[in-house]
């Protein structure tokens, strides 16, 4: 599952994103990447 996130093949549910941010002690917003292709 994490490998899919790392390789950008899938994205975590919001609940999982917040849990990852909590474990890493960062803001969940810091884990999000802006899509510049729009």
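Numbering (the UniProt record's numbering), first residue to last: 1 to 38.
Idealized CB from N, CA, C, for every residue including glycine.
In this text the structure is predicted, and so the values were computed from the model without any measurement.
Rounded C-alpha distance that separates residue i from residue j
i	j	result
residue 32	residue 1	17 Å
residue 17	residue 6	13 Å
residue 3	residue 23	17 Å
residue 10	residue 34	16 Å
residue 15	residue 8	18 Å
DSSP state of residue i mapped onto helix, strand, coil
i	result
residue 33	coil
residue 25	coil
residue 8	coil
Close-in-space but distant-in-sequence residues of the same chain around residue i (CB under 7 Å, 5 per side omitted)
i	result
residue 28	17, 18 and 21
Cβ neighbours of residue i in the same chain (closer than 8 Å, five flanking residues each side left out)
i	result
residue 26	none
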